[in-house]
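Novice: Chains as they are written, first to last, in the working numbering: chain A, 1 to 408; chain F, 1001 to 1127.
(1) Going by the DSSP bridge assignment, what does residue 41 (chain A) pair with across the sheet?
(2) With 8 angstroms as the threshold, decide whether the Cβ of residue 1077 (chain F) is near any Cβ in chain A.
(3) Leaving out the 5 sequence neighbours to the left and right, which residues in its chain are closer than 8 angstroms to residue 379 (chain A) when beta-carbon positions are compared?
(4) Can the beta-carbon of residue 340 (chain A) be found less than 8 angstroms from the beta-carbon of residue 284 (chain A)?
(5) Can you check whether the C-beta of residue 1125 (chain F) is within less than 8 angstroms of a C-beta belonging to chain A?
(6) Please confirm whether residue 250 (chain A) has its beta-carbon closer than 8 angstroms to some beta-carbon of chain F.
(7) Any beta-carbon of chain A closer than 8 angstroms to the one on residue 1052 (chain F)?
(8) Nearest CA to the CA of residue 173 (chain A): which residue from A:130, A:222, A:143?
(9) In the DSSP assignment, find the alpha helix (DSSP H) that holds residue 308 (chain A) and state where it starts and stops.
(10) Residues in its own chain within less than 6 angstroms of residue 289 (chain A) by CB, not counting five upstream and five downstream?
(11) Contact criterion: CB-CB distance below 8 angstroms. Does residue 368 (chain A) meet it with respect to chain F?
(12) Please state the DSSP three-state secondary structure of residue 297 (chain A).
(13) Of the choices A:382, A:257, A:251, A:342, whose alpha-carbon is the least far from that of residue 293 (chain A)?
(14) Just the chain F side, please: which residues come within less than 7 angstroms of residue 188 (chain A) by C-beta, in chain order?
(15) Please report the distance separating the alpha-carbon of residue 1052 (chain F) from that of residue 375 (chain A).
(16) Look at the Cβ atom of residue 31 (chain A), then the Cβ atom of residue 40 (chain A), and state whether they are nearer than 8 angstroms.
(17) Would you kindly report the start and end of the unbroken alpha helix (DSSP H) that includes residue 1013 (chain F)?
(18) Taking all protein chains shown into account, do 16 or more other C-beta atoms lie within 10 angstroms of the C-beta of residue 410 (chain A), making it buried, or fewer, making it exposed?
(19) Measuring CA to CA, which of A:277, A:43, A:149 is closest to residue 234 (chain A)?
(20) Please report how far the alpha carbon of residue 1006 (chain F) lies from the alpha carbon of residue 206 (chain A), in whole angstroms.
(21) At a Cβ cut of 7 angstroms, what residues of the region 1054-1068 of chain F count as close to chain A, listed as they run along the chain?
(22) Report the rounded CA-to-CA distance for residue 55 (chain A) versus residue 131 (chain A), giving the unit in angstroms.
(23) On the criterion of 16 or more Cβ atoms from any shown chain inside 10 Å, does residue 390 (chain A) qualify as buried, or is it exposed?
(24) Would the region 1016-1026 of chain F count as touching the region 1062-1076 of chain F if we require 3 or more Cβ pairs under 8 angstroms?
(25) Buried or exposed: where does residue 301 (chain A) fall if 16 or more other Cβ atoms within 10 Å of its Cβ makes it buried?
(26) Residue 1030 (chain F) CB to nearest chain A CB: under 8 angstroms?
(27) Can you give me the Cβ contacts of residue 366 (chain A) inside the same chain, cut-off strictly under 6 angstroms, excluding the 5 residues immediately before and after it?
(28) Indicate whether at least one CB of chain F lies closer than 8 angstroms to the CB of residue 170 (chain A).
(29) Under the three-state reduction of DSSP, which class applies to residue 250 (chain A): helix, strand or coil?
(30) Are the CB atoms of residue 62 (chain A) and residue 36 (chain A) nearer to each other than 8 angstroms?
(31) Given a limit of 7 angstroms on CB to CB distance, which residues of the region 208-220 of chain A reach chain F?
(32) Would you list, in chain order, the members of the region 1106-1118 of chain F that have their beta-carbon closer than 9 angstroms to a beta-carbon of chain A?
(33) Whole angstroms is fine: what's the gap from residue 114 (chain A)'s alpha carbon to residue 151 (chain A)'s?
(34) Applying a beta-carbon distance threshold of less than 9 angstroms, which residues of chain F neighbour residue 182 (chain A)?
(35) Between which two residues does the beta strand (DSSP E) holding residue 287 (chain A) run?
(36) Report the option in A:269, A:291, A:308 whose CA atom is closest to the CA atom of residue 253 (chain A).
This is how it looks when you write it as structure tokens:
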């Protein structure tokens, strides 16, 4: 074999082109097998070694006596490592898969280079294959995990969407079928209240009326929850929204002996939001905080503006993420001094109809409505336990574009 | 002073019975109830109500259709109509906007006192 055929290191080149390059290369190129024997060589290598190709093939590289550099007309031949490659001793095959040997003339001037290429042995090939496959598997596993996470997230969103759709359909039917009997009951109760003077009967009728109104409240909550909500956006000072919400819960705070503190960490911006709905979220979160402290305590509302620096809670890079890293958000944090939230209900707390409150105390729709409203505003709401005790509910609303370099 | 005539239309007999009792207990209204929506126009021609309390969702004929028939009848074109509806979400109201057509409506279950206030308000505007 007079010249090299396509080598695995140059597989991307077409064979004729590779042949031509090797054929006309001034550098001597010698391919050794794993044991260091010459497998193939190009014409320049044949010339530089001063042998025929037939004589070279099968020889151990250590037995090649590179005695002359014909072009230089000198018998002095030097082997030297090139560019840090470990050439190895002449007693064995090169330690690396390639080695350059520079042939010099008597004055030490380089006149030609022999390039040795050692093909990997079976063991090395297997090791290389295994390593390559491990890398490929690791990459595939990483991609699979990422796909799995995305799939899981999408599946959860679909389940949630399907659930909401079911709730929506259910709510419309429930509204008609439940509200009509409730209408009969309420009018009947009010008729009897008008007709009787008996105090005990009136007290009883009063209880019945409260029960009917409570049942109606559940149905109205369902309808509000399931209605395809169109936001009525208006540009408004967020502090005004908070003030309006506080007016609504003021009486409850007093009645439940809950001390209240509004910690304005930073001034709140003016934002385009649905005033009533954001007010509803704040009221819901505050009512939940009060429910968490049946014996009273302190409720803190902390408002601030900050830049998002971590992923999670709807923050990320993906298109589906509502908030972006670096984005500025208006933050509302409602903190209670209760016993905190059991870990096993964190993920269920925002589900429609999930409640830990006693029967008649909650519809299980409060946090679900909060989440829906937050997401309609491209924001986020979530719960966490505070290290110092009690729970914290946080609402983030996007407050402008990403501003790089702004601190948290 | 003659009593105001109110035609109460709802496919739920129990509702019309208790509501009629409540309204008549005030001593200010004469109430006729009708549970078959297809008979409303005929009853109205005979009863000549000042005001119709009209349920929206009923079998065979809904409240909007009945209102249109009443308004197109020369003997009933000036009758006042207050709708009663069990559907109260914004979406439903907007979807049934053409039925309600800007006319007053009350959400069930309606507080009887609120209903009487609205009825009196409508009757006053007709006077």
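By construction, the Cβ of each residue, glycine as well, lies at the ideal position given by its N, Cα and C atoms.
Specialist: This is what the structure gives:
(1) When DSSP reads this structure, residue 41 (chain A) sits in a beta bridge with A:30.
(2) Not an interface residue.
(3) Taken in chain order, the residues that qualify are 314, 322, 323, 329, 395, 396, 397, 398.
(4) No, they are not a contact pair.
(5) No, residue 1125 (chain F) lies away from the interface with chain A (no Cβ there is under 8 angstroms from its Cβ).
(6) No, residue 250 (chain A) does not count as interfacial toward chain F.
(7) Not closer than 8 angstroms to any Cβ of chain A, the Cβ of residue 1052 (chain F) fails to qualify, so no.
(8) Of the listed residues, the one whose Cα sits closest to residue 173 (chain A) is A:222.
(9) In the DSSP assignment, residue 308 (chain A) falls outside any alpha helix (DSSP H) and carries neither an H nor an E.
(10) Here the set comprises 299, 334, 336.
(11) At a cut-off of 8 angstroms between beta-carbon atoms, residue 368 (chain A) makes no contact with chain F.
(12) Residue state, collapsed to three classes: strand.
(13) Nearest option by C-alpha distance: A:257.
(14) Correct list: 1018.
(15) A straight line joining the alpha-carbon of residue 1052 (chain F) with that of residue 375 (chain A) spans about 43 angstroms.
(16) In this structure, residue 40 (chain A) lies closer than 8 angstroms to residue 31 (chain A) by Cβ.
(17) DSSP places residue 1013 (chain F) in the uninterrupted alpha helix (DSSP H) bounded by 1013-1025.
(18) Because chain A spans 1 through 408 in this model, residue 410 (chain A) falls outside it and cannot be assessed.
(19) The option with the nearest alpha carbon to residue 234 (chain A) is A:277.
(20) Straight-line Cα distance between these residues: approximately 28 angstroms.
(21) Residues passing the 7 angstroms Cβ filter: 1057.
(22) If you take the alpha carbons of residue 55 (chain A) and residue 131 (chain A), they lie about 37 angstroms apart.
(23) With 16 or more Cβ atoms within 10 Å of its Cβ, residue 390 (chain A) is classed as buried.
(24) Counting C-beta pairs closer than 8 angstroms gives fewer than three between the region 1016-1026 of chain F and the region 1062-1076 of chain F, which falls short of the contact rule.
(25) Label assigned to residue 301 (chain A): buried.
(26) Residue-level contact check: residue 1030 (chain F) does not touch chain A, since none of the beta carbons of chain A fall below 8 angstroms from its beta carbon.
(27) Only 284 meet the Cβ criterion.
(28) It does not: the Cβ of residue 170 (chain A) has no partner Cβ on chain F nearer than 8 angstroms.
(29) Helix at residue 250 (chain A).
(30) Note that the C-beta distance between residue 62 (chain A) and residue 36 (chain A) is below 8 angstroms.
(31) Cβ contacts with chain F: 212, 216, 220.
(32) Against chain A - using a Cβ distance shorter than 9 angstroms - the residues of the region 1106-1118 of chain F are 1107, 1108, 1109, 1110, 1111, 1112, 1113, 1115.
(33) Looking at the two C-alpha atoms, the distance is approximately 55 angstroms.
(34) What residue 182 (chain A) touches in chain F: 1086, 1108, 1109.
(35) Run containing residue 287 (chain A): none in the beta strand (DSSP E); it sits in the alpha helix (DSSP H), 275-291.
(36) Comparing Cα-Cα distances from residue 253 (chain A) to each of A:269, A:291, A:308, the minimum goes to A:291.
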